[in-house]
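Right, one structure below, let's go through it.
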Amino acid sequence: MDDSKNQRWPLPPTPVPAGNYVPVREAGGMLLTSGHTSAVQGVLAHRGQVGEDLTVEEGRSAAATAVLNCLASLSAHAGGLDRIGEIVSMTGYVCAGSDFTDHPLVMDGASEVLASYFGEQGRPVRAAVGVSSLPGGAPVEISLVANVRSE
Numbered sequence: 001m002d003d004s005k006n007q008r009w010p011l012p013p014t015p016v017p018a019g020n021y022v023p024v025r026e027a028g029g030m031l032l033t034s035g036h037t038s039a040v041q042g043v044l045a046h047r048g049q050v051g052e053d054l055t056v057e058e059g060r061s062a063a064a065t066a067v068l069n070c071l072a073s074l075s076a077h078a079g080g081l082d083r084i085g086e087i088v089s090m091t092g093y094v095c096a097g098s099d100f101t102d103h104p105l106v107m108d109g110a111s112e113v114l115a116s117y118f119g120e121q122g123r124p125v126r127a128a129v130g131v132s133s134l135p136g137g138a139p140v141e142i143s144l145v146a147n148v149r150s151e
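Just so you know, the sequence shown maps onto residues 1 to 151 in full-length UniProt numbering.
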């Protein structure tokens, strides 16, 4: 898979970790990402709580960007997305008010991106978790687990 072929969802520049951690760890044939927000080159397009400050659509957009950041980190670590066999698991944290219940709709923005890159192999098991705050005021943070394609 050529990482530059997805014209609807091009990969952003590889994110730089915002703290003392690595963005990707390889263990036992699996690649695990740390949490990635929707910041591109350190700038968030949206800040705040989905359902309070942001619409579900803005949350979906943030989720799409966050998962693209995960993919950019995976690509940089693995030497290209063609080394990824499938996306096994996705955990998404959605910053939302206490009455908000549409977390899965927000995370569908990320699922759509994964499906566009990997087809059926991009449909992971998934958790969509509501939280009261995220780093830097981000509306969404996502981590992935992927397996490495056997050569």
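Glycine residues also receive a C-beta, built at the ideal position from the N, C-alpha and C atoms.
- request: Along the beta strand (DSSP E) that carries V145, what are the first and last residues, could you check?
  value: Run containing V145: V140 to V148, per the beta strand (DSSP E) assignment.
query: Would the region 80 to 95 and the region 140 to 149 be scored as touching if the rule is three or more Cβ pairs under 8 Å?
result: Counting Cβ pairs under 8 Å, three or more are found: they touch.
field: Identity of the residue in L44, L31 and E52 nearest A138 by Cα
entry: For the set L44, L31 and E52, the Cα lying nearest the Cα of A138 is the one of L44.
- request: Mind listing, in chain order, the continuous beta strand (DSSP E) runs of no fewer than 3 residues lying wholly within the region 82 to 126?
  value: Qualifying beta strand (DSSP E) stretches, in chain order: 84 to 95.
- prompt: According to DSSP, is R60 helix, strand or coil?
  reply: In the three-state reduction of the DSSP assignment, R60 falls in the helix class, which pools H, G and I.
message: Can you tell me which residues form a DSSP beta bridge with L31?
response: According to DSSP, which records beta bridges pairwise, L31 is partnered with E26 and A146.
- prompt: Which one or two residues does DSSP pair with H36 in a beta bridge?
  reply: Looking at the DSSP output, H36 bridges to I142.
For P124 and V94, the rounded distance between their alpha carbons: So the two alpha carbons sit approximately 18 Å from each other.
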